[in-house]
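Scroll down for the structure; my scribbles are underneath it.
Below you can see the structure in the form of structure tokens.
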């Protein structure tokens, strides 16, 4: 593949968006990072619909998905991603500040590939993001591109 | 006198009376019988004597063997009759004795007469005339017969008189018996009425009075007899009843008191349950609050620290020292806030969590904490003297927090010393076991010791030693919850010893 597959970051906090992007860059990850501000935008991007239809349909190598977001909850987004045959194999990493076990259980039930709690300490946070990036981009093999119908 | 005695006496008396009277009646009956017999026999005797007289007359006319034999036969008939009279109670009667005499005399007289007449047998020559001697002899015989007749009739009369007299006495006897029986009957009536029925009525009245609450209800019945016994028994029973009723009243009161106490206890239990439920709800709210504090307050801190660092890393070359310093201070401040949040959360958790007591190896725990401290700052040369085998009874989590704080403080405040020594152990303070953590660090001014365990109160400036002022407050809380106490000894510049009991 000549172009690097993008990373889809679904996160409502602007601060966290910036810090996560920076950390990924510091880990020498050069894949383009597409940022969605909430669940609706994320789905628009993935399915090529709505406000950001022109940017999609996106087939990222991994989706970093926050849970606590306005309009559409992260887990509902996950559910919809998994329901769609075009997107159901895309790796989704739940990256959230939520401490609730229910969220974790539901995440795995809905087919999340990974569940990571955002560390409260910034250094740890930066390190976690870096490691995530390195693993999912460098080590993990994304599913082959699904045939576009 | 006891009723039983009365009745026995009465029975004996009546028995005696009846016996006496019956005996008397028997005797009287015998006497009557005797009298009748005597009367009859005297009649017989008189008849016999009359018959004998006729025989005599015949004899005189024809003084033969035949008449003489007849006369003697008649005479012999009379003898047994006399005996019969004797048998019928007339044995000692003078009349009878006289009759016997006359009887004998008669016989003798007749014998003499017979002699006289024997000399002449049917001397029809005299023409049946008797001579003087014969006449005399006849007269004697006749006299004896007459005497006997008189005696016999007197005896008969006597017998009749006896009979009547005895009958009279008999009547009297029966009358006495009847009267006696009536008297006895009256006596029984008296006994029953006066000594039994009346007192029983008195007893019944006494029972009514007792029910009505009168004291001494049977005082009127103090006879020395069985009823009196009953009265006294009633009195005794009444006393017992009174005692029982008093006890019962007391018991009832006590039951009522107890019931009230029970009700109160139940009310208390209910309100306790409600309070506990409230407390649980509050605790849950606090937990939720603490949780949200923990995460939601920290998120912006993360941004602050993150961007601060990004600034320095990415734009550090564009900043002079002052600029870098400012950024540094921002970062430091946000880190400090993070620590404050952590400590506040710790204090809140420490006050809230349930105390679960177990035997905890404090030596082991202290050594683990010491290792952690050493890992955080491997360059420092610190000597740890931890006493072996220190076991305490308490909550593991809370005790860990306590030791982390105390050892952490010892670590922190001995930072400036080139050679730091931190000790942990236990001393026996008389009957008390006191644990201690000693360091040879900065120490503090004992004058301000009262502020030591208050939250946010510090005895050093942040420039000297960083800290939130919460740690010791948490420690003090933990010690207090275990029922112990904590105190400190320090010398400024030389070190501090924190002592506590559990």
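Protein chains in written order, with the numbering used here: chain A, 296 to 444; chain B, 4 to 505.
The C-beta atom is built at its ideal place from N, Cα and C for all residues, glycine as well.
So which of the options has the shortest CA-CA distance to residue i?
i	options	result
residue 459(B)	474(B), 67(B), 307(B) and 448(B)	474(B)
residue 485(B)	496(B), 503(B) and 472(B)	503(B)
residue 73(B)	60(B), 454(B), 83(B) and 85(B)	60(B)
residue 388(A)	311(A), 361(A) and 317(A)	361(A)
residue 301(A)	337(A), 436(A), 329(A) and 412(A)	329(A)
residue 45(B)	465(B), 11(B) and 87(B)	87(B)
residue 55(B)	80(B), 32(B) and 9(B)	80(B)
residue 169(B)	348(B), 35(B) and 395(B)	35(B)
residue 525(B)	434(B), 216(B) and 409(B)	Chain B is shown from 4 up to 505; residue 525(B) falls before or after that span and cannot be answered.
residue 143(B)	105(B), 178(B) and 174(B)	105(B)
residue 371(B)	407(B), 352(B) and 393(B)	407(B)
residue 497(B)	413(B), 285(B) and 438(B)	413(B)
residue 403(B)	389(B), 416(B), 364(B) and 294(B)	364(B)
residue 150(B)	103(B), 181(B) and 33(B)	103(B)
residue 63(B)	138(B), 22(B) and 14(B)	138(B)
Residues of chain B with a CB under 8 Å from the CB of residue i: which are they?
i	result
residue 415(A)	297, 298, 301, 302, 304, 305 and 341
residue 420(A)	305 and 309
Can you tell me whether DSSP reads residue i as helix, strand or coil?
i	result
residue 65(B)	coil
residue 350(B)	helix
residue 224(B)	coil
residue 408(B)	helix
residue 455(A)	Absent from the structure is residue 455(A), since the part of chain A shown begins at 296 and ends at 444.
residue 336(A)	helix
residue 310(B)	helix
residue 408(A)	coil
residue 326(B)	helix
residue 486(B)	coil
residue 388(B)	strand
residue 443(A)	Because residue 443(A) carries a pLDDT of 49, less than 50, the predicted location of this residue cannot be relied on, and the following value inherits that uncertainty. Coil, per DSSP.
residue 503(B)	strand
residue 459(B)	coil
residue 354(A)	coil
residue 53(B)	helix
residue 334(B)	helix
residue 436(A)	coil
residue 324(A)	coil
residue 444(B)	coil
residue 379(A)	coil
residue 495(B)	coil
residue 359(A)	strand
residue 390(A)	strand
Alpha carbon to alpha carbon, how far is residue i from residue j?
i	j	result
residue 440(A)	residue 416(A)	37 Å
residue 219(B)	residue 5(B)	23 Å
residue 224(B)	residue 202(B)	7 Å
residue 317(B)	residue 343(B)	29 Å
residue 90(B)	residue 162(B)	14 Å
residue 480(B)	residue 445(B)	24 Å
residue 177(B)	residue 109(B)	45 Å
residue 310(A)	residue 409(A)	23 Å
residue 430(B)	residue 280(B)	42 Å
residue 501(B)	residue 314(B)	43 Å
residue 111(B)	residue 92(B)	27 Å
residue 422(A)	residue 375(A)	30 Å
Along chain A, which residues have their Cβ under 7 Å away from the Cβ of residue i?
i	result
residue 293(B)	Chain A residues near residue 293(B): none, gap ~11 Å exceeds 7 Å.
residue 404(B)	The contacting residues do not exist; residue 404(B) stays about 19 Å from chain A at best.
residue 308(B)	417
Which same chain residues end up closer than 8 Å to residue i when comparing Cβ atoms and leaving out the 5 residues on each side of it in sequence?
i	result
residue 118(B)	none
residue 358(B)	397, 398, 401, 484 and 485
residue 95(B)	none
residue 377(B)	383 and 385
residue 84(B)	44, 47, 48 and 51
residue 265(B)	none
residue 209(B)	220, 221, 223, 224, 234 and 237
Let me check you understand the geometry: is the CB of residue i closer than 6 Å to at least one non-hydrogen atom of the ligand MG?
i	result
residue 388(B)	Among the components modelled here there is no ligand, and therefore nothing to report on the ligand MG.
In chain B, what lies closer than 9 Å to residue i by C-beta?
i	result
residue 394(A)	294, 297 and 298
In its own chain, which residues sit with a C-beta less than 7 Å from the C-beta of residue i, not counting the 5 before and 5 after it?
i	result
residue 452(B)	491
residue 115(B)	140
residue 366(A)	333, 334 and 335
residue 366(B)	389, 390, 391, 392 and 393
Which bits of chain A does residue i rub up against, with CB to CB less than 9 Å?
i	result
residue 313(B)	313, 314 and 317
Under 6 Å Cβ to Cβ from residue i, same chain only, skipping five residues before and after it: list those, please.
i	result
residue 237(B)	221
Inset, instruction - Check distances from the C-beta atoms of the stretch 301 to 321 of chain A to those of chain C and list, in chain order, the residues that come in under 7 Å. - result: Absence of chain C from the displayed structure is noted, the protein chains being A and B.
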